[in-house]
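Throughout the sequence shown, residue numbering follows full-length UniProt numbering, covering 1 to 99 in sequence.
Even for Gly, the Cβ is constructed at its ideal location relative to N, Cα and C.
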Amino acid sequence: MESAKVVCQVEAFPHQVNFTWRFNGSSEGEALPLHAIKSQGTSSMLNYTASMEQDYGTLLCWAANKIGIQKDPCVIHLIPAGQTRDPITLLLVVSGCQR
């Protein structure tokens, strides 16, 4: 079992935003448990644990404030890192968002 803190950070004004997270690459994908998400201002952190093969895939993160919704989501690909001593190793590949 491998855990990672996945951060979604955006630029926004007003700075107070709400975040939406989805698993497996679509706005209709699985919602993630709220207890695993902590958001403050323009940053949101998801505590994510991969324990089996189907836990790998794509995370999407959107921000919204009173002006509107982020046009393109932050995209985080969860990929097994390769052959290691641990059976599950998490590699994060981020695009479309601040890093």
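Go ahead and pull the three-state DSSP assignment for residue i.
| i | result |
| --- | --- |
| H35 | helix |
| E30 | strand |
| E53 | helix |
| T89 | Unreliable placement is indicated for T89, whose pLDDT of 49 sits below 50; no coordinate value is reported for it. |
| N24 | coil |
| Q40 | strand |
| V17 | coil |
To which residues of the same chain is residue i closer than 8 Å at the C-beta, ignoring the five residues directly before and after it?
| i | result |
| --- | --- |
| S44 | V7, C8, Q9, F19, W21, I37, K38, C61 and A63 |
| G41 | H15, Q16 and V17 |
| Q83 | With a pLDDT of 47 at Q83, under the threshold of 50, the predicted position of this residue should be treated as unreliable, and no value is reported. |
Write down the C-beta distance between residue i and residue j rounded to the nearest angstrom, noting that I regard them as a contact closer than 8 Å.
| i | j | result |
| --- | --- | --- |
| N24 | G68 | Going by Cβ atoms, the distance from N24 to G68 rounds to 25 Å, so no, they are not a contact pair. |
| E2 | A50 | 5 Å |
Over what stretch of residues does the beta strand (DSSP E) that includes residue i continue unbroken?
| i | result |
| --- | --- |
| K71 | Segment: none, K71 is in no beta strand (DSSP E) and carries neither H nor E. |
| N47 | S43 to A50 |
Suppose the cutoff is 7 Å on Cβ atoms and the five residues either side in sequence are ignored; what does the same chain contact list for residue i look like?
| i | result |
| --- | --- |
| N47 | S3, K5 and A36 |
| A31 | R22 |
If you drop the 5 nearest sequence neighbours on each side, which residues of the same chain put their C-beta closer than 6 Å to that of residue i?
| i | result |
| --- | --- |
| G29 | R22 and F23 |
Three or more beta-carbon pairs under 8 Å between the stretch 15 to 25 and the stretch 52 to 64, yes or no?
yes
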